[in-house]
Amino acid sequence: MIYAKPGTSGSIVDFAGRYDNFIGGEWKAPVEGRYFENPSPVDGETFCEVARSSAADVE
């Protein structure tokens, strides 16, 4: 089986560069402004960032 790096030609799914929190039907940046790097299982390189939320984001 051949895998394509996420977000590149041949990849099954397209990804945005960054994902915020989806709260109350709206996309909102994390209160502390922190994000996790999401590495590709293909080569270990970051292909997107995901909100690193805290309790402040759900209050």
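When you read off a place in the sequence shown, starting at 1, and then add 47, the result is the number in the numbering used here.
Idealized CB from N, CA, C, for every residue including glycine.
It should be emphasised that the depicted structure is a prediction, and the values quoted were computed from it without experimental measurement.
Start and end residues, beta strand (DSSP E) containing residue i
i, result
"A114", "The chain is shown from 48 up to 106; residue 114 falls before or after that span and cannot be answered."
"G52", "Correcting the residue identity first, residue 52 is Lys in this sequence and not Gly. Looking at the DSSP string, K52 is not in any beta strand (DSSP E), and its letter there is neither H nor E."
Candidates the options, of which the one nearest residue i by Cα
i, options, result
"R99", "F83, G54 and E73", "F83"
"Y50", "C95, G71 and S87", "S87"
"R65", "V105, E106 and T93", "T93"
"D61", "G91, P53 and N85", "P53"
"V97", "G91, E73, R81 and V89", "R81"
Host alpha helix (DSSP H) of residue i (start-end)
i, result
"D104", "A102 to V105"
Cut-off 6 Å between Cβ atoms - residues of its own chain near residue i, not counting five sequence neighbours on either side
i, result
"D104", "N68, P77 and V78"
DSSP bridge partner residues for residue i (one or two, in chain order)
i, result
"R65", "E96"
Own chain, CB closer than 7 Å to residue i, minus 5 neighbours either side, in chain order
i, result
"C95", "F62, A63, G64, R65, Y66 and N85"
"K75", "D67 and N68"
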